[in-house]
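> Mind looking over this structure? Questions follow.
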Amino acid sequence: MVNKIASKKVLLVITIAIIAIISIFFAIPKTGLLTFSFASKQEIESKVKEIFELSNPGTTIEIASFSEEGELYKILIKATGSLGTNYMEIYITKDGKYLIQNPISIEASIENIKRLNKLVDCLYEKGVRIYGLSNDTGTLLQFNVLGRSSTKLFVLCDGDMLQQCINAGIEEVPSIVINGVIYKGAKTADWLAEQAGCKI
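Heads up: the sequence shown at position 54 corresponds to 54 in this note's numbering, and the numbers run straight through without jumps.
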């Protein structure tokens with residue numbers, strides 16, 4: 001008798017579980033929990049043409065190529081207007097809702113930052129100094145070339161430091177001092193590495 005009651009309880013639990021699973025299965029599409037809406041290629045091409053033609057009056061937009069790139073579509077646009085023909089690469093989410101013009105590769109960015117940090121450390125160890133002004137475009141350009149960790153290389157010739165910079169032979173900013181030689185103007189990371197003997 002006890003076994004019959006236990007069997008009925010087990011059968012009841014299994015039946016309830018099956019009903020619950022079936023209910024969840026049929027409810028999911030209605031709630032959108034596991035549904036993904038992808039726009040068709042034609043819908044996306046139409047949206048891309050519309051947004052670029054509206055924002056560039058008198059320009060004809062053609063889709064030169066369309067391919068999948070991870071969770072995005074990669075589209076090469078051909079824009080023909082009064083100034084000639086230009087090409088632009090853009091990315092669109094697969095649902096067609098978002099356009100990305102300048103995607104950043106996280107892996108490539110991490111590697112580039114590590115490389116620049118290593119270069120800045122080497123330049124600093126070799127005594128390289130960059131003289132500039134806090135509001136000078138060339139100085140800011142040089143800072144952007146080397147990244148945020150490069151502040152230790154900079155000597156700002158603002159205010160009280162101006163006379164010290166003049167005494168150091170600085171006539172123009174930015175100026176870079178490597179092994180006692182003054183080089184005028186902003187330089188590339190590769191140029192700095194080569195002149196200072198740093199590997200990057």
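All residues carry an ideal CB built from backbone N, CA and C; glycine is no exception. Model, not experiment: these values are computed from the prediction.
Would you mind sorting residue 170 into buried or exposed? The rule is 16 or more other CB atoms within 10 Å of its CB.
buried
> Please report the distance separating the alpha-carbon of residue 78 from that of residue 190.
C-alpha separation (whole angstroms): 33 Å.
> Going by DSSP, name the residue or residues bridged to residue 86.
79
> Tell me the rounded alpha-carbon separation between residue 76 and residue 131.
42 Å
> Flag this pair as yes or no: are the beta carbons of residue 71 and residue 94 separated by less than 9 Å?
yes
> Quick one: using the 10 Å Cβ neighbour count with 16 as the cut-off for buried, is residue 162 buried or exposed?
exposed
> Quick test of your reading: residue 186 and residue 138, contact by CB under 8 Å. State the CB separation rounded to the nearest angstrom.
5 Å
> Residues bridged to residue 155 by DSSP?
131
> Are the Cβ atoms of residue 199 and residue 193 separated by less than 9 Å?
yes
> Give the straight-line distance between the Cα atoms of residue 61 and residue 51, rounded to the nearest whole angstrom.
10 Å
> Can you find the residues in the same chain that come closer than 7 Å, C-beta to C-beta, to residue 115, ignoring five residues on each side of it along the sequence?
Cβ neighbours of residue 115 beyond the five flanking positions: 200.
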